[in-house]
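**Q**
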Amino acid sequence: MLNHENSARLALLRFPLIVGVVFVHAYGGSMNLSNSEISPIKNSPIVGFVQDFISNGLARTAVPLFFVISGYLFFLKEGWSFEHYQNNVISRVKTLLIPFLFWGC
1 MLNHENSARL ALLRFPLIVG VVFVHAYGGS MNLSNSEISP IKNSPIVGFV QDFISNGLAR
61 TAVPLFFVIS GYLFFLKEGW SFEHYQNNVI SRVKTLLIPF LFWGC
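Sequential numbering of the sequence shown, starting at 1, is according to the UniProt record's numbering.
Pasting the structure below:
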């Protein structure tokens, strides 16, 4: 079981990871807005480096960490067995795969 301390750690980790996912999706690296009227600042080498470092560096770890946390929580149980694994997989198929297939088709 997940104790209170580990639950609080995961709760604290969630917000920076969510911000990281937003940075990855909001990064406009292929758009050149330096000569545009809507660009708030002119692209300097320092600004470009900071944008690349955050959006293509630090923030790129957010999604893999969410997958690691998801796998940790998926297998979290004191007495692990194949039956526990099978029940978890069946539960995920019902709650994730079936709606995904229904919505996507």
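Beta carbons are placed, not taken as given, at the ideal position from N, Cα and C, and that holds for glycine.
On the CB-based measure, 16 or more other CB atoms within 10 Å of its CB, does S7 come out buried or exposed?
**A** exposed
**Q** Measure how close the beta-carbons of A62 and V89 come, nearest whole angstrom, since I'm counting them as under 8 Å.
**A** Contact doesn't hold; Cβ gap of about 25 Å is too wide.
**Q** Identify which residue in A26, R92 and L58 has its Cα closest to the Cα of residue 116.
**A** Shown here, the chain extends from 1 to 105; a query on residue 116 therefore has no answer.
**Q** According to DSSP, is N3 part of a helix, a strand, or is it coil?
**A** coil
**Q** Is the Cβ-Cβ distance between Y27 and A59 less than 9 Å?
**A** yes
**Q** So which of F23, F82, F67 and V68 has the shortest CA-CA distance to V50?
**A** F23
**Q** Roughly how many angstroms lie between the CA atoms of A11 and I54, to the nearest whole one?
**A** 22 Å
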